[in-house]
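K.L.:
Those protein sequence lines, which keep their order, are chains A and B. Start counting the first sequence at 373; every next residue gets the next number (the working numbering). Start counting the second sequence at 373; every next residue gets the next number (the working numbering). Cβ atoms here follow ideal geometry from the backbone N, Cα and C, with glycine treated the same way. Predicted model, so just to flag it, every value in this text is computed and none were measured.
2 protein chains.
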Amino acid sequence: MRQPSDAGPAVTTRRARNKERARERVYASAMTLISQKGYADTSVAEIAEHADIARGTFFNYFPRKEALVNAWAEQRRARLMCRLGSRPQRGLGVAEALRACMSDLGDLNEEDPALSMAMLTAWVQAGRPLDEESHLGAIFSGIVAAGRARGEVSSAVDPGLVGEVLRDLYLGALYRWIRQFPAVREYRPLGADLQADLQQALDLLLNGVAAPAGPHHDPR
Amino acid sequence: MRQPSDAGPAVTTRRARNKERARERVYASAMTLISQKGYADTSVAEIAEHADIARGTFFNYFPRKEALVNAWAEQRRARLMCRLGSRPQRGLGVAEALRACMSDLGDLNEEDPALSMAMLTAWVQAGRPLDEESHLGAIFSGIVAAGRARGEVSSAVDPGLVGEVLRDLYLGALYRWIRQFPAVREYRPLGADLQADLQQALDLLLNGVAAPAGPHHDPR
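#1: Run down chain C in chain order and give the residues with a C-beta less than 9 Å from the C-beta of A/Q497.
#2: Going by other Cβ atoms of all chains shown within 10 Å of its Cβ, with 16 needed for buried, is B/G563 buried or exposed?
#3: Among A/A423, A/V525, A/V466, A/I550, whose alpha-carbon lies nearest the alpha-carbon of A/E482?
#4: In terms of residue numbering, what span does the alpha helix (DSSP H) encompassing A/P485 cover?
#5: Using DSSP bridges, identify the partner residues of B/V525.
#6: Between A/N442, A/A423, A/S401, which lies nearest to A/E505 when the distance is taken from Cα to Cα?
#7: Straight-line CA distance for B/D479 to B/L546?
#8: For the alpha helix (DSSP H) that B/F430 lies in, which residues bound it at each end?
#9: With the cut-off set at 8 Å, would you say B/V529 and A/V525 are in Cβ contact?
#10: Taking the alpha-carbon positions, what's the B/G511 to A/G532 distance?
#11: Helix, strand or coil for B/T404? Go by DSSP, reduced to three states.
#12: Would you say the region 490–502 of chain A touches the region 402–416 of chain A, given that touching needs at least three Cβ pairs under 8 Å?
#13: Just to make sure I have the definition right: I need the residues of chain B whose C-beta is within less than 9 Å of the C-beta of A/L543. Which are they?
#14: If I measure Cβ to Cβ from A/L566 and keep anything under 8 Å in the same chain, skipping five residues before and after, which residues do I get?
#15: Check the Cβ of B/I448 against every Cβ in chain A and list those closer than 9 Å, keeping chain order.
#16: Consult DSSP for B/K391 and reduce its assignment to one of helix, strand or coil.
#17: Under a Cβ-count criterion, where at least 16 other Cβ atoms within 10 Å of its own Cβ denotes burial, should A/R374 be classed as buried or exposed?
#18: Nearest CA to the CA of B/F431: which residue from B/A467, B/V416, B/W444, B/E421?
#19: Report the three-state DSSP secondary structure of B/F512 (helix, strand or coil).
#20: Grab the span of the alpha helix (DSSP H) containing A/E504 for me, first residue to last.
#21: Given that B/I550 touches chain A, what residues does it touch there, using C-beta distances under 8 Å?
#22: Quick check: what's the CA-CA separation for A/A517 versus A/E536?
#23: Check whether the Cβ of B/N579 lies closer than 8 Å to any Cβ atom in chain A.
#24: Using CA coordinates, which residue listed in B/E438, B/L502, B/R436, B/R387 is at the minimum distance from B/D540?
#25: Specify, as a first and last residue, the run of the alpha helix (DSSP H) that B/A412 falls within.
#26: For the alpha helix (DSSP H) that B/P531 lies in, which residues bound it at each end?
#27: Just confirm the distance between the C-beta atoms of B/L470 and B/I425, as a whole number of angstroms; I'd bet it's less than 8 Å.
#28: Determine the DSSP secondary structure at A/R560, reduced to helix, strand or coil.
#29: Applying a beta-carbon distance threshold of less than 9 Å, which residues of chain B neighbour A/S526?
#30: Pull up the CB-CB distance for A/Q571 and A/M474, whole angstroms please, since I reckon it's below 8 Å.
#31: Is B/V398 close to chain A? Criterion is C-beta to C-beta, closer than 8 Å.
#32: Kindly indicate if chain A contains any beta-carbon less than 8 Å away from that of B/A469.
#33: Would you please verify whether the beta carbon of A/Y547 is less than 8 Å from any beta carbon of chain B?
#34: Using a Cβ-Cβ cut-off of less than 7 Å, list which residues of the region 383–394 of chain A approach chain B; keep chain order.
#35: On the three-state DSSP scale, how would you describe B/D424?
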């Protein structure tokens, strides 16, 4: 039974399903503990105990503790795609589509603030802002490219760069949101308004900062 | 001689100067090694050996290895202020002043790319994007507030937010610049153009992404 080919397809499939279920249980235990104690203060041993497995078994599912960070980022992406996909995109202008995407991102973070803060901190400390490919940048730039094709975006604008810049704005707003809380695991709504910050930053990029030409300026 | 007040002022001052000189030598050794080997792969023992001090003496100057990251960030800020101060600000429009500031930031990074990449990586991994007060945001917002007072910036714009957003754009461009190199300590100009990315991102924010009104669409 060492070789997967020794087992019939049904057995292999059931084994794969069981492994996937066990992995999900370990992941859920990890997220529960991390949202309570923070990432750095949660050990693999504690996660294993919570999931009722031996410590060494954890590594069958996640080769290193840091692999939890990747799993979280992947799950985030999947949830964002699901939300974006559930909304009819047809007929939305570029501004509305970007606004909706920022709003979905805000919701994803606000649904479970303690977990978002703990995992985003771990994501930053793992150096991901520097080495991760920007899936979010690609999503934004797709929206901008479609808007440009419809003439809603200046033809001088590079959709790829706008996508990257929108991702920079999103991350910056998230960091400011997190920075307002005394400790990552304590979520207290102190007037921190992630959604408002996201929409304001987006408006700046859509409309620009420069005043229209005029002697003293004439705000449109 | 345990109490500083036991020594005369001249002695205290000389001692303080000597300590500052020694600290600078340790700092210089650290930066030399880190730019060659990266931050994570440079140990306190190696820095001490390079600076010709005992390992324990390192901690007289820097309480933890991570304090080097703070010292680097402070030195960065001081060098930026020095550059900004050496240019006459009077008569510069807001766009020119922001362009000049971005250009100075680009220069600071490009002067010693290997060190910038290694220390910025350490800065991110220490979680600083999340917990550091944004001095750069304050510099940008000061420029924007002055421009707004002159009517060059739309009065609907919040200079504080623009400052934060400009800092987000700067950090995003820096990360993209670093991401292009195979390893942090290898700087090879592969067409990575930090200055161009910074100026383009700034142009986006100044002018906005939305196309001027035309026959094809009616914004809002």
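P.N.:
Let's see:
#1: Of the protein chains in this structure, namely A and B, none is chain C.
#2: Counted from its first residue, the second sequence places residue 563 of chain B at position 191. In this predicted model, B/G563 has a pLDDT of only 49, less than 50, meaning its place in the structure is not dependable enough to derive any value.
#3: Numbered from 1 along the first sequence, position 110 holds the residue referred to as residue 482 of chain A. Checked all of A/A423, A/V525, A/V466, A/I550; the closest Cα to A/E482 is A/I550.
#4: On the first sequence, residue 485 of chain A is found 113 positions in, with the first residue counted as 1. Its alpha helix (DSSP H) spans residues 485–497.
#5: Taking the first residue of the second sequence as position 1, residue 525 of chain B is located at position 153. Its beta-bridge partners are A/A582.
#6: For this step, residue 505 of chain A is matched to residue 133 along the first sequence. Checked all of A/N442, A/A423, A/S401; the closest Cα to A/E505 is A/N442.
#7: By one-based count along the second sequence, residue 479 of chain B stands at place 107. By one-based count along the second sequence, residue 546 of chain B stands at place 174. Answer to the nearest angstrom: the Cα atoms are 12 Å apart.
#8: The residue labelled residue 430 of chain B in the question sits at position 58 within the second sequence. 430–433 is the span of the alpha helix (DSSP H), which, as asked, contains B/F430.
#9: Here residue 529 of chain B refers to the residue found at position 157 when the second sequence is read from its first residue. Here residue 525 of chain A refers to the residue found at position 153 when the first sequence is read from its first residue. Cβ atoms of B/V529 and A/V525: not closer than 8 Å.
#10: Taking the first residue of the second sequence as position 1, residue 511 of chain B is located at position 139. Taking the first residue of the first sequence as position 1, residue 532 of chain A is located at position 160. Sequence inspection shows Ile at residue 511 of chain B; the Gly mentioned does not correspond to that position. Rounded to the nearest angstrom, the two C-alpha atoms are 28 Å apart.
#11: Within the second sequence, the letter at position 32 stands for residue 404 of chain B. Note: B/T404 maps to helix in three-state DSSP.
#12: yes
#13: Here residue 543 of chain A is taken as the residue at index 171 of the first sequence, counted from 1. Residues of chain B passing the Cβ test: P501, D540, L543, G544.
#14: Numbered from its first residue, the first sequence carries residue 566 of chain A at position 194. Excluding positions up to five away in sequence, the list reads G478, N481, E482, A545, L546, W549.
#15: Within the second sequence, numbered from 1, the residue matching residue 448 of chain B stands at position 76. Note on residue identity: the sequence assigns Arg, not Ile, to residue 448 of chain B. Residues of chain A passing the Cβ test: none, with the nearest at roughly 17 Å.
#16: In the second sequence, residue 391 of chain B corresponds to position 19, counting from 1. In this structure, B/K391 counts as helix in the three-state DSSP scheme.
#17: The count along the first sequence starts at 1 and reaches residue 374 of chain A at position 2. In this prediction, A/R374 scores a pLDDT of 48, lower than 50, which makes its location untrustworthy; the coordinate-derived value is nonetheless stated afterwards. Classification of A/R374: exposed, given that the 10 Å Cβ count is below 16.
#18: Stepping through the second sequence from its first residue, residue 431 of chain B is reached at position 59. Of B/A467, B/V416, B/W444, B/E421, the residue nearest in Cα terms is B/V416.
#19: Here residue 512 of chain B corresponds to residue number 140 of the second sequence, with the count starting at 1. Helix.
#20: Position 132 of the first sequence, counting from 1, holds the residue named residue 504 of chain A. No alpha helix (DSSP H) contains A/E504, which DSSP labels as neither H nor E.
#21: Residue numbering aside, residue 550 of chain B sits at position 178 when the second sequence is read from its first letter. Near B/I550 (Cβ distances below 8 Å), the residues of chain A are L502.
#22: In the first sequence, residue 517 of chain A corresponds to position 145, counting from 1. In the first sequence, residue 536 of chain A corresponds to position 164, counting from 1. Using only the alpha carbons, I get a separation of about 13 Å.
#23: If you number the second sequence from 1, residue 579 of chain B lands on position 207. True, the Cβ-Cβ gap to chain A drops below 8 Å.
#24: In the second sequence, counting from the first residue as 1, residue 540 of chain B sits at position 168. If we check each option's Cα against that of B/D540, B/L502 comes out closest.
#25: Locating residue 412 of chain B in the second sequence gives position 40, where the first residue counts as 1. Unbroken run through B/A412: none, as it is neither H nor E.
#26: Taking the second sequence and counting its residues from 1, the one referred to as residue 531 of chain B is at position 159. It spans 531–551 - the alpha helix (DSSP H) in which B/P531 sits, taken as one unbroken run.
#27: Mapped onto the second sequence, residue 470 of chain B falls at position 98. Mapped onto the second sequence, residue 425 of chain B falls at position 53. With a Cβ gap of about 43 Å, B/L470 and B/I425 do not count as contacting.
#28: For the purposes of this step, residue 560 of chain A is taken as the residue at position 188 of the first sequence. Low per-residue confidence applies at A/R560: pLDDT is 49, beneath 50, and the placement is therefore not dependable, though the value from the model is reported in the following sentence. Looking at A/R560 - three-state DSSP - the assignment turns out to be coil, as it is neither helix nor strand.
#29: Residue 526 of chain A sits at position 154 when you count from the first residue of the first sequence. By Cβ distance, chain B contributes N579, G580, V581, A582, A583, P584.
#30: Residue mapping note: residue 571 of chain A aligns to position 199 of the first sequence, counting from 1. Residue mapping note: residue 474 of chain A aligns to position 102 of the first sequence, counting from 1. The Cβ separation is near 6 Å, so the contact holds.
#31: Along the second sequence, read from residue 1 onward, the residue named residue 398 of chain B stands at position 26. Not an interface residue.
#32: For the purposes of this step, residue 469 of chain B is taken as the residue at position 97 of the second sequence. So, not an interface residue.
#33: The residue labelled residue 547 of chain A in the question sits at position 175 within the first sequence. Chain B, which has a Cβ nearer than 8 Å to the Cβ of A/Y547, makes this yes.
#34: none
#35: As a first step, residue 424 of chain B must be located in the second sequence, where it is residue number 52. Here B/D424 sits in coil by DSSP.
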